Structures are given as C-alpha cells and as structure tokens.
C-alpha cells in the first residue's frame, strides 16, 4: 500500500493478523522492505502484525534530492508519520543496519512511540561514536564511509553491471534477493538518494548526545559482521537503562535478516511477549 507523509509517498507492506501487536520493520542499505520477507512470515505465525516500509530514497514517491533531505531526524519523522497514517500510536520497532540507526534514535528521542526495540547489526550510536574515536579496529572497519560519502561513489558502484554494489552482499544473500536489490538501485536516481543517508552526515552528527534508551531492548549482532567492533558492541549496554539483552549470532555476516530470519523473529517474539 502507499502511505502519504509530509508530502512524500511511501510504499509500505502491512500484513499479518489485524488484531496482532504492530511491529515496525526498518531496513538497511542497500536493501528494501523485502529484506524482512522471511522474518515477517515467522512474526505472522506468532500472531504479530507487521509494517515494513521502503524508506526515504527507496520509495519512488519519497525520493527528495540533496543530502540535507536525509538527516536522521527526518528519517525518524518518516517512521512516526507512517505509524500515524496507519492509526498506530506505538509499535515494537525492529531495525537493521541504517534501519537500526533510525530505530535507536526513535527509542531514545521518541520513546512513547516505541514499545520495544530490536536493533540488528548496528550498536547504540553513542557506543559506535566512542569506538570510532577510541578503537583502531572500529576506525579500520569504518573506512568504507569515506568512499560512500564521496561524489564519485554513485557512479563507481554502478560500473561493470554494479559490480561494487553486488560485492557488498558476497555470497551471504540469495542471488534472487540480490537481483531484487540491484534492480531497484540501478534505476536512475535511486542509488544517489540512498547514499544520501551517508552523505547527510547523520551517521556521526546525531550520535553524540543521543541519550540512553529506556525501552526493553535486544541488540542482535554477529561475529562475521564488520559493521561494529567488539568495543562498540560491548559499550552498547551502557546506553540502555531499560531491560537489555545482547544476542550474538555465530557464523553470520552483516545481512542478518536474510541469513538468520528465524533467529531474529524468535528474539522479536520473545521480547514482545515479555513486554506486550
């Protein structure tokens, strides 16, 4: 379905039992709402209703130009606006990668809208910011950011049949799913828009001083994911004042929703049932 928010129109998949507790699923880069396809099936089996939008830049009707249009407060406002349009006061929020950044922000700054938080891959932003300043391993892991924010990254990622973009997934995501993501991102203007999430500067600018999260939280990370160092992973607990659980997935890389959907769904269901 299409949902209008602040002059933008988002493609949103709303499904599952109509009387189920709402779960808002926020995808990462360079994916789409379809990253959650296997997760939502398990959530529906547990009686939950899911709301999975293609976020700003990913929806055809929500693709403004320029990095400033992709600042983190605007991305969070999109999520809340989608909930408002659907008549949902609060939801269990699940985010992966950039979606986790938005989810952490929502839980810290707009806790009334977040019943529980499940963050996948990306740690609490202040923990990440600390690690980036103090941990050589995190700085090494984050070197890709300089390329992502550069003007030439859009063209570079699309040359040779989008070889660079394709390489991000390695052999961790099924070929048909990778094709779905590439079909989206090779369309005119899409990759430039989704890279604006990085170019906006929000990945760093909004981290310091974000504040603690008081809602019940599960942070799911994996030992083969290069997004966060162990310093960032371990320090995340210091920024959650509510009930907190850290879950490690062994032998799993960065694309956890596709690689370990049943495990993610099980953690979400467990958290929801304990805090419904």
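Residue numbers (the working numbering): 68 to 343.
Every residue gets a Cβ at the ideal spot worked out from N, C-alpha and C, and that includes glycine.
Just so we're clear, the structure is a prediction, and the values are computed from it rather than from any experiment.
Contact between the region 112–121 and the region 188–205 is not established, with fewer than three Cβ pairs separated by less than 8 Å.
Annotation note: the region 92–161 contains the following uninterrupted beta strand (DSSP E) runs of length 3 or greater, listed N- to C-terminal: 116–120. Taking a C-beta distance under 8 Å as the contact criterion, residue 181 and residue 157 qualify as a contact pair.
Excluding residues up to 5 positions away in sequence, 77, 79, 149, 152 lie with their Cβ nearer than 6 Å to the Cβ of residue 70 in the same chain. Close CB contacts of residue 98 within its chain, under the 7 Å cut and outside five residues either way in sequence, are with 248 (chain order). For residue 71, there is no enclosing alpha helix (DSSP H); the residue is found in the beta strand (DSSP E) stretching over 69–72. Judged by their CB atoms, residue 232 and residue 224 are nearer to each other than the 8 Å cut-off. Nearest to residue 173 by alpha-carbon distance, out of 199, 197, 144, 218, is 144. Listed in chain order, the alpha helix (DSSP H) runs fully inside the region 194–269 are 203–208, 211–216, 220–234, 242–252, 257–266, counting runs of at least 4 residues. For residue 342, the closest of 250, 284, 195, 205 by C-alpha to C-alpha distance is 284. DSSP places residue 339 inside the alpha helix (DSSP H), whose first and last residues are 328–342. The C-beta distance from residue 328 to residue 105 rounds to 4 Å, short enough to fall under 8 Å. Approximately 19 Å separates the beta-carbon atoms of residue 257 and residue 322; this is outside 8 Å, ruling out the contact. Here residue 238 is exposed. Its C-beta has fewer than 16 other C-beta atoms within 10 Å.
Of 127, 289, 84, the smallest CA-CA separation from residue 108 is found for 84. Proximity to residue 205 across 214, 194, 228 peaks at 194, based on C-alpha coordinates. Put simply, the backbone Cα of residue 310 is about 25 Å away from that of residue 95.
By the criterion of a C-beta distance shorter than 7 Å, residue 262 is surrounded in its chain by 215, 220, 221, once the five residues flanking it on both sides are discounted.
Residue environment analysis places residue 269 among the buried positions, since at least 16 neighbouring C-beta atoms fall within 10 angstroms of its C-beta. Contact between residue 183 and residue 159 holds, since their C-beta atoms are separated by about 5 Å, short of 8 Å. Around the beta carbon of residue 192, 16 or more other beta carbons sit within 10 angstroms, so the residue counts as buried. At the C-beta level, residue 161 and residue 139 stay beyond 8 Å of one another. Residue 312 has 285 as its beta-bridge partners, per DSSP. Scanning 290, 207, 166, 253 for the CA closest to the CA of residue 226 turns up 253. If the five residues before and after residue 303 are omitted, its C-beta is found closer than 6 Å to the C-beta atoms of 190, 191, 194, 286, all from its own chain and listed in chain order. Residue environment: residue 154 is assigned as exposed (fewer than 16 neighbouring CB atoms within 10 Å of its CB, all protein chains considered).
In the DSSP assignment, residue 75 falls within the unbroken beta strand (DSSP E) covering 75–82.
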